[in-house]
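Engineer:
If you want it as structure tokens, here you go:
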């Protein structure tokens, strides 16, 4: 199946492994919750049903904090691009309301980003993330 859109997650290279996994999960939940990318439920040979997942592949890249901020600034002004963010401060909060309040305390250029999720037209997402290595 070919897609005209692409999903990429870009993570700060300084994250611990558990943090990278946590940030990826949160960023993808934002994209999946708003972008109509979820497929149909999975069913095994015994008929047990499992939750559906993304129909599209997801690429994960690494970046410096400066590259994340540059990516956000470009992404905010790219028409048709869905952007999810995760800031370092969110590791200290414990619910959605506190998460949103934390982000609301900063202007976009001041956000202490540790991850960004992107979904948009293939060529646009590829252009924005050009040169960023795959996450290790």
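In the working numbering, the protein residues as written are 274 to 409. Glycine included, C-beta positions come from ideal geometry on N, C-alpha and C. Because the structure is a prediction, the values reported are computed rather than measured.
If you compare alpha carbons, which of 309, 296, 308 and 278 is closest to residue 386?
Structural biologist: Selected option, being the one with the closest Cα: 296.
Engineer: In three-state DSSP terms, what is residue 342?
Structural biologist: Helix.
Engineer: Relative to the C-alpha of residue 409, which candidate in 324, 381, 363 and 332 has its C-alpha closest?
Structural biologist: Looking at the Cα atoms, 332 is the closest of the given residues.
Engineer: Please determine if the region 369–376 and the region 335–343 are in contact, where contact requires at least 3 C-beta pairs separated by less than 8 Å.
Structural biologist: Cβ pair count under 8 Å is below three, so no.
Engineer: Would you tell me roughly how many angstroms separate the C-alpha atoms of residue 281 and residue 318, rounded to the nearest one?
Structural biologist: The straight-line gap from Cα to Cα measures roughly 32 Å.
Engineer: Find the nearest neighbour of residue 315 within the set 308, 327 and 369, judged by alpha-carbon distance.
Structural biologist: Minimum Cα distance to residue 315 is reached at 327.
Engineer: To the nearest whole angstrom, what separates the beta carbons of residue 300 and residue 354, a pair I think is in contact under 8 Å?
Structural biologist: So it is not a contact: roughly 14 Å between Cβ atoms.
Engineer: For residue 325 versus residue 313, is the C-beta spacing smaller than 8 Å?
Structural biologist: Yes, Cβ-Cβ distance for residue 325 and residue 313 is below 8 Å.
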